[in-house]
Amino acid sequence: MIFVVVPLSALATSAKSLADGFPEIVPTVRLVSYPELLRLEKVPCGAWVLTSLSTLSNEQLSLLREFESAVIAHGSGIRLLGSPSRTLSRDAFFEEAEKIGVQSARTCSLASLESSLPDWAVLRWEHQGDWAESEAISERHDLREVLSRMVFEGLDPEHIRGVTVPGASPYLEPMGHYFQIGGESLVSDSLAEFWKGTDRESVSRGLSELLDRFGWGWARFDFARTPRGPALWRIEDGPGFIPHFDSKSLGIPGAAELRSWFLRTLRALNSSEAGDISLEIAPTRLQSLLLERPPP
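Take the sequence shown: its position 113, counted from the start at 1, is 113 in UniProt numbering, and no numbers get skipped.
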């Protein structure tokens with residue numbers, strides 16, 4: 001079995017994405033919420049995929065490190081994808097990506113964005129795995145107008161940051177995706193010209209190296225196209241890792257290849273080992289509550 005652990009708030013939408021896009025593997029995948037995981041007295045054998053790690057608070061990650069340590073100490077029966085002990089913040093991940101030559105978007109506070117607005121920026125609200133983005137902004141008065149509209153729609157300004165992509169045009173839609181599952185990786189093209197003039201293999205190798213170093217066993221990245229080549233724009237280690245497919249998206253170049261790859265890698269993770277394991281942890285209701293507490 002493959003157990004995919006998601007925030008409680010994402011359980012229903014994750015189940016729908018899996019059922020709609022990949023009905024063939026639904027019998028071998030079980031979605032589990034973090035509170036449910038920490039209430040288990042015995043953990044079933046299989047592959048356990050921990051998602052949304054970069055959105056959790058330090059307190060929440062500390063609880064998951066106890067679980068990780070107990071699994072490692074036991075030594076067999078359970079395979080973990082995603083490491084609470086090596087998870088980076090999104091900003092830190094972007095910084096590390098730049099060190100290995102992958103162009104990255106940068107995030108900044110609203111205050112710094114207002115004092116020095118770059119050519120193009122997007123306002124991004126993110127909280128507990130949910131997110132929303134504004135259109136691209138290039139003028140200060142647009143920034144204030146868009147921010148007011150987002151707040152009016154109920155988005156807390158404390159969770160809104162600016163995202164800037166160097167040299168980008170106002171059209172910042174993702175132009176390609178990078179997925180990694182259990183050591184296998186795939187860069188998929190949304191448009192044929194996306195990788196023109198870009199060393200695709202170097203980008204793929206660089207991101208694989210980064211994931212191997214910091215233990216992101218399950219991740220998805222979105223790229224935006226810029227004059228300098230693709231820029232790493234988003235990180236989704238949450239339930240968004242499941243590629244969404246409908247009748248329209250299956251017609252996009254590369255979509256069929258991506259779907260086949262996703263099925264193949266998930267099937268490779270599937271374990272036929274039966275039984276369950278008692279771990280040396282003491283799950284409590286307090287732990288469950290902490291895992292659902294909004295990050296600071």
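Backbone N, C-alpha and C fix where the C-beta goes; we use that ideal spot for every residue, glycine too.
Keep in mind it's a predicted model, so treat the numbers as computed, not measured.
Quiz item: Which residues does DSSP pair with R234 in a beta bridge?
Solution: When DSSP reads this structure, R234 sits in a beta bridge with D222.
Practice problem: On a CA-only basis, which of A121, L110, D20, L61 is nearest E158? Give me that one, please. | Solution: L110
Exercise. Could you check what DSSP says for E193 in three-state terms: helix, strand or coil?
Key: Low local confidence applies: a pLDDT of 49 at E193 is under 50, so the model's placement there is unreliable, and no value is given.
Quiz item: If you compare alpha carbons, which of M150, D156, E96, V43 is closest to L210?
Solution: E96
Quiz item: Beta carbon of A5, beta carbon of W48: below 8 Å?
Solution: The question names Ala, but residue 5 in the sequence shown is Val. In contact: V5 and W48 (Cβ atoms closer than 8 Å).
Quiz item: Taking the C-alpha atoms as reference points, what is the distance between S9 and E114?
Solution: Take the alpha-carbon of S9 and the one of E114: they are about 32 Å apart.
Self-check item: D130 (DSSP reduced to helix, strand or coil)
Solution: strand
Quiz item: If you follow the alpha helix (DSSP H) that R161 is part of, which residue opens it and which one closes it?
Solution: Here R161 belongs to no alpha helix (DSSP H); instead the beta strand (DSSP E) covers 160-164.
Exercise. In angstroms with no decimal places, state the Cα-to-Cα distance between D276 and I78.
Key: 9 Å
Quiz prompt | Integer Cβ distance of W261 from L186, believed to fall under 8 Å | solution = 5 Å
Exercise. Inspect the beta-carbon positions of I137 and V151 and report whether they are closer than 8 Å.
Key: no
Quiz item: Is DSSP giving E201 helix, strand or coil here?
Solution: E201 carries a helical assignment under DSSP once its states are collapsed to helix, strand and coil.
Self-check item: With 16 other Cβ atoms within 10 Å as the buried cut-off, status of D20
Solution: exposed
Quiz item: So the beta strand (DSSP E) L50 belongs to, where does it begin and stop?
Solution: Unbroken beta strand (DSSP E) run through L50: 46-50.
Self-check item: Whole beta strand (DSSP E) elements within the region 88-128, 3-residue minimum
Solution: 106-108, 121-127
Quiz item: Expressed to the nearest angstrom, what Euclidean distance is found between the alpha-carbon atoms of S83 and F214?
Solution: 8 Å
Exercise. Starting from the Cα of S202, find the closest Cα among E98, I160, W131 and give me that residue.
Key: Looking at the Cα atoms, E98 is the closest of the given residues.
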